[in-house]
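Asker: Sequences listed follow chains A and B, in order.
Following my numbering, the numbering of the first sequence begins with 43 at its first residue and continues without gaps.
Following my numbering, the numbering of the second sequence begins with 33 at its first residue and continues without gaps.
Note that CB positions come from ideal geometry on N, CA and C, so glycine has one too.
Please read these numbers as outputs of a predicted model, since none were measured by experiment.
Sharing a structure here in structure tokens format.
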Amino acid sequence: MEKYLANLLMCAGTGCVATGTPKVVAALKAELEKHGLSDEIKVVLTGCNGFCAEGPVMLVYPEEIFYQKLTVEEIPKLVEEHFLKGRPYEKLMFKDIEKKHAIPVMNDIPFFKYQVLRVLRNKGMIDPESLEEYIARDGYMAAAQAVNEMTPEDIIKVMKDSGLRGRGGAGFPTGLKWEFASKSQADQKYMLCNGDEGDPGAFMDRSVMEADPHSVIEGMIIGARAIGASKGVIYVRAEYPLAVERLQMAIDICLESGLLGENILGSDFSFDLEIYLGAGAFVCGEETALMRSIEGQRGMPRPRPPFPAHKGLWDKPSVLNNVESLAQVAPIILNGAEWYRTLGTEKSPGSKVFALTGDIRNVGLVEVPMGIPLKTIIYDIGGGIAKKKKKFKAVQLGGPSGGCIPEELINIPVTYEDITRTGAIVGSGGMVVMDEDTCMVSTSKFFLEFTADESCGKCTPCRVGTRVMLDMLTDITEGRGREGDIETLQDLSKDIIATSLCGLGQTAPNPVLTTIRYFRHEYESHIRDHWCQAGICSDLCSFHILDDKCKGCGLCLRGCPSNAVVGEKKKPHRIIQELCLQCRSCYDACKFGAIEIKPSLKKEPEPALKDEGVTQ
Amino acid sequence: MAKLTIADLKKIKEKQHATFALREGGYRAKVTVHMGTCGIAAGARDIMSVLMDEISQAGVEDVITTTSGCAGFCAREPMATVEILDNPPVKYGDLTADKIREIFKEHVIGGKPIEKYALVVGSETTY
Numbered sequence: 043m044e045k046y047l048a049n050l051l052m053c054a055g056t057g058c059v060a061t062g063t064p065k066v067v068a069a070l071k072a073e074l075e076k077h078g079l080s081d082e083i084k085v086v087l088t089g090c091n092g093f094c095a096e097g098p099v100m101l102v103y104p105e106e107i108f109y110q111k112l113t114v115e116e117i118p119k120l121v122e123e124h125f126l127k128g129r130p131y132e133k134l135m136f137k138d139i140e141k142k143h144a145i146p147v148m149n150d151i152p153f154f155k156y157q158v159l160r161v162l163r164n165k166g167m168i169d170p171e172s173l174e175e176y177i178a179r180d181g182y183m184a185a186a187q188a189v190n191e192m193t194p195e196d197i198i199k200v201m202k203d204s205g206l207r208g209r210g211g212a213g214f215p216t217g218l219k220w221e222f223a224s225k226s227q228a229d230q231k232y233m234l235c236n237g238d239e240g241d242p243g244a245f246m247d248r249s250v251m252e253a254d255p256h257s258v259i260e261g262m263i264i265g266a267r268a269i270g271a272s273k274g275v276i277y278v279r280a281e282y283p284l285a286v287e288r289l290q291m292a293i294d295i296c297l298e299s300g301l302l303g304e305n306i307l308g309s310d311f312s313f314d315l316e317i318y319l320g321a322g323a324f325v326c327g328e329e330t331a332l333m334r335s336i337e338g339q340r341g342m343p344r345p346r347p348p349f350p351a352h353k354g355l356w357d358k359p360s361v362l363n364n365v366e367s368l369a370q371v372a373p374i375i376l377n378g379a380e381w382y383r384t385l386g387t388e389k390s391p392g393s394k395v396f397a398l399t400g401d402i403r404n405v406g407l408v409e410v411p412m413g414i415p416l417k418t419i420i421y422d423i424g425g426g427i428a429k430k431k432k433k434f435k436a437v438q439l440g441g442p443s444g445g446c447i448p449e450e451l452i453n454i455p456v457t458y459e460d461i462t463r464t465g466a467i468v469g470s471g472g473m474v475v476m477d478e479d480t481c482m483v484s485t486s487k488f489f490l491e492f493t494a495d496e497s498c499g500k501c502t503p504c505r506v507g508t509r510v511m512l513d514m515l516t517d518i519t520e521g522r523g524r525e526g527d528i529e530t531l532q533d534l535s536k537d538i539i540a541t542s543l544c545g546l547g548q549t550a551p552n553p554v555l556t557t558i559r560y561f562r563h564e565y566e567s568h569i570r571d572h573w574c575q576a577g578i579c580s581d582l583c584s585f586h587i588l589d590d591k592c593k594g595c596g597l598c599l600r601g602c603p604s605n606a607v608v609g610e611k612k613k614p615h616r617i618i619q620e621l622c623l624q625c626r627s628c629y630d631a632c633k634f635g636a637i638e639i640k641p642s643l644k645k646e647p648e649p650a651l652k653d654e655g656v657t658q
Numbered sequence: 033m034a035k036l037t038i039a040d041l042k043k044i045k046e047k048q049h050a051t052f053a054l055r056e057g058g059y060r061a062k063v064t065v066h067m068g069t070c071g072i073a074a075g076a077r078d079i080m081s082v083l084m085d086e087i088s089q090a091g092v093e094d095v096i097t098t099t100s101g102c103a104g105f106c107a108r109e110p111m112a113t114v115e116i117l118d119n120p121p122v123k124y125g126d127l128t129a130d131k132i133r134e135i136f137k138e139h140v141i142g143g144k145p146i147e148k149y150a151l152v153v154g155s156e157t158t159y
């Protein structure tokens, strides 16, 4: 039996790999070898730990010491201190921001303390490439039950009772979806997994596929058993290479060991699974478009009904579940519906994974019980706004289909119902935090650019409407906005929502509608005063130095790319407006808040760039 | 790899138990070998190696070993602290390979502290 003194769980998620895991691991292994510790200390590469902001991160068991921002240079010292002398190395620990002291143990760090791990139960705990390690954490026990002891009806009942709602965005009850497909009669059915995560700023599904590929496969086996499918496809976008690699590795080992293929675990149930690579079109996250894409056709949605539960892939009954939904299936089967409902609310039970990004201190992946106040996620887990002196402005939920929630509503509980009431959606779980330096008009323009680009073109209101809205928003941000634009945007939004076939068009105007609802004054100030108060729209602002606050430190002067700042040392500086490009570099450089943003000084707005069209 | 059965799943889980006890915290006994400069100089690394061998040979899965710094009693190094769940920790000093083997068998496995080797029972009060 191999016995280790310690296990070092090194995060090898995409984030940490990018910040240096491979080099650090090589250095770590060499250093352990040098001190003759290789037989006593095991280094394991895990999936995403979640605390991406502090990467590369490593967890030391049994003490559960959390190390962050590891570098090759620090490894010799770390090994000497912690593993040779047994003194956890404080320099690489997480530091409490206010009190400046180190927090050694992972679960004492607020980022981890408020989380509950169900979907991410194995994150940073197992080697995602090892079937044995997955089995050690009760892996495939639920599948064993499902194929041997449970009837499809039993499985569907547990899933329905658990109240699990589809985590892809729409929140449709998973058990119900399975029941519909189960009742459809056909010679062939399909169990599909949606790994086509496309929202800007969202990386929940990628992390699950990378950190725990077997949990997705197990969920699919159980689902397939419930609906009577003998074939399955995992649809993943090709730009997730690590997820694809680990899923493929997991499928291969499962086929070899009889967890997939003929007669799974000795039962009479058989299920084949393959991966289909998507090219990354946003619309292919829509179920009917995704199925067309697998069939080799252009990814375009079609009207429903017929629903996929009756006519899906290759016109056969199919169920499509999101990665995160599938990863929760095994623990629900093992522990029961009641257990699942111990977290969350009546209508939104369980837990949800969110990808925290934007102007927040602790960028990363978090799993929280449904119903937790938005504030707890942003301030306690997220650590608040990244820049010290900046204030929170809004949080964007649900990506291009979602909306912005302002500070007044930050105490609302995170449930499907409460979030929908604000005009945003829970969506797949992207959470982009924005501080006071954000222009809400530009933000909604950004999301609309995305949806206008990604519109598949089938429905005119979506194809043309989003483009018209985008042109109007561009005009507003460049000083050509007119009275009545806001109302026209709202009218157009209503029409696009009402007349588009699929979720893309039906939700594309949400970012615009919510920003108008909560930040109407910003639109008005852009249109009427030619004033972008955040100083983002360069045509709608001018920068000025406040004499009484300027210390004459020269930071703005040195940072200015057009030499527009003049002034002597220790005396108030001045900006020559004729030279100023409105690049904001002085505003960002000033430590004393001495730069003021005022309306644009330009008399006439620049004419819009005419689209010349495509020429031969 | 041969086709798995449900019994195989359970076997694999059992086999992995030792590793995961370490990560999940489900252990019964913890042995801390003090490894300050003094401890290392006095041979604490050998004590640790012997201990690891013993655990491995005995095939027990609910015992974890860890290192810590100088216990403050440098004259009596190498030292080790044995903590059995729900019992006060016992510190042993002047260890040798034979002594730690005996301590492992009697105390860690058997649950009976060896008084003649023990320095103290309990921990210092910390303020």
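Buried or exposed: where does A/S542 fall if 16 or more other Cβ atoms within 10 Å of its Cβ makes it buried?
Answerer: buried
Asker: Considering only the alpha carbon of each residue, which of A/A212, A/Y176, A/F93, A/L173 lies closest to A/K155?
Answerer: The residue with the shortest Cα to Cα distance from A/K155 is A/F93.
Asker: Should A/N305 be labelled buried (16 or more other beta-carbon atoms within 10 Å of its own) or exposed?
Answerer: exposed
Asker: Considering only DSSP beta bridges, list what B/T97 is partnered with.
Answerer: B/V63
Asker: Take every Cβ of the region 596-603 of chain A, pair it with every Cβ of the region 492-508 of chain A, and state whether three or more of those distances are shorter than 8 Å.
Answerer: no
Asker: Mind listing the chain B neighbours of A/M100? Cutoff is C-beta to C-beta under 8 Å, in chain order.
Answerer: Neighbours of A/M100 in chain B, taken as residues whose beta carbon is under 8 Å from its own, are absent, since the nearest beta carbon is some 13 Å off.
Asker: Taking DSSP as the reference, what is the three-state secondary structure of A/S360?
Answerer: strand
Asker: Is A/F222 closer than 8 Å to A/L351 when the C-beta atoms are compared?
Answerer: Per the sequence shown, the amino acid found at residue 351 of chain A is Ala instead of Leu. Closer than 8 Å, so yes.
Asker: On the DSSP bridge list, what partners appear for A/S584?
Answerer: A/K640
Asker: Within its chain, find whatever has a CB closer than 6 Å to the CB of A/S580; leave out the 5 residues flanking it on each side and keep chain order.
Answerer: Q624
Asker: If we call anything under 8 Å between Cβ atoms a contact, is B/I116 one with B/Y59?
Answerer: no
Asker: With a cut-off of 8 Å, does the C-beta of B/R55 fall near any C-beta of chain A?
Answerer: At least one chain A Cβ lies under 8 Å of B/R55.
Asker: Mind checking A/Q658: buried by the 16 CB within 10 Å criterion, or exposed?
Answerer: Any reading at A/Q658 must be qualified, since the residue scores a pLDDT of 46, below 50, and its modelled position is unreliable; no value is offered.
Asker: Can at least three beta-carbon pairs, one atom from the region 211-226 of chain A and one from the region 456-473 of chain A, be found at a separation below 8 Å?
Answerer: yes
Asker: Could you give the residue range of the alpha helix (DSSP H) that holds A/S567?
Answerer: Boundaries of the alpha helix (DSSP H) harbouring A/S567: 552-570, taken from the DSSP string.
Asker: I need the straight-line Cα distance from A/H256 to A/L289, nearest angstrom please.
Answerer: 8 Å
Asker: Go ahead and label A/A540 buried or exposed: buried means 16 or more other beta carbons lie within 10 angstroms of its beta carbon, across all protein chains shown.
Answerer: Flag for A/A540 reads exposed.
Asker: Just confirm the distance between the C-beta atoms of A/I107 and A/V66, as a whole number of angstroms; I'd bet it's less than 8 Å.
Answerer: Incorrect: roughly 16 Å between the Cβ atoms, too far for contact.
Asker: Please classify B/P110 as buried or exposed, where buried requires at least 16 neighbouring CB atoms within 10 angstroms.
Answerer: Under this definition B/P110 is a buried residue.
Asker: Any idea which residues DSSP pairs A/F108 with across the strands?
Answerer: A/L101
Asker: Taking the alpha carbon of B/I132 as the point to measure from, which residue in B/K43, B/I38, B/T64 has its own alpha carbon closest?
Answerer: B/T64
Asker: According to the neighbour-count rule (16 or more other Cβ atoms, all chains shown, within 10 Å of its Cβ), is A/E328 buried or exposed?
Answerer: Counting C-beta atoms within 10 angstroms of its own C-beta, A/E328 has 16 or more neighbours from the protein chains shown and is therefore classed as buried.
Asker: Does the Cβ of A/N377 lie closer than 7 Å to at least one heavy atom of the ligand MG?
Answerer: Judged by which ligands are present, the structure shown has none, so any question about the ligand MG falls away.
Asker: Taking the alpha carbon of A/A292 as the point to measure from, which residue in A/L173, A/D196, A/M476 has its own alpha carbon closest?
Answerer: A/L173
Asker: How about A/V250 and A/V99: are their beta carbons less than 8 Å apart?
Answerer: Contact flag unset, no.
Asker: Would a check of beta-carbon distances place A/N190 closer than 8 Å to chain D?
Answerer: Of the protein chains in the structure, A and B, none is chain D.
Asker: Beta-carbon within less than 6 Å of A/I295's beta-carbon, same chain only, minus the 5 sequence neighbours each way: which residues are those?
Answerer: Taken in chain order, the residues that qualify are L173.
Asker: What does the alpha-carbon distance come out to for the pair B/D78 and A/R129?
Answerer: Put simply, the backbone Cα of B/D78 is about 18 Å away from that of A/R129.
Asker: Is it the case that the region 69-85 of chain A contacts the region 393-411 of chain A, given that we only count it when at least three CB pairs across the two stretches are under 8 Å?
Answerer: No, because fewer than three Cβ pairs between the region 393-411 of chain A and the region 69-85 of chain A fall closer than 8 Å, the two stretches do not touch.
Asker: Name the one or two DSSP bridge partners that A/I617 has.
Answerer: A/V607
Asker: Taking only beta-carbon positions, decide if A/G406 is within less than 8 Å of chain B.
Answerer: Not an interface residue.
Asker: From this set, A/G425, A/L599, A/I467, which residue's C-alpha is nearest A/S443's C-alpha?
Answerer: A/I467
Asker: Per DSSP, what kind of secondary structure is A/L376 in: helix, strand or coil?
Answerer: helix
Asker: Which bits of chain B does A/L74 rub up against, with CB to CB less than 9 Å?
Answerer: Those do not exist, as A/L74 stays about 14 Å from chain B at its closest Cβ, beyond 9 Å.
Asker: What separation, rounded to the nearest whole angstrom, lies between the Cα atoms of A/D241 and A/G440?
Answerer: 8 Å
Asker: On the premise that A/G274 lies in contact with A/A266, defined as a C-beta separation below 8 Å, what is that separation, rounded to the nearest angstrom?
Answerer: Beta-carbon to beta-carbon, A/A266 and A/G274 are separated by about 6 Å, close enough to satisfy the 8 Å threshold.
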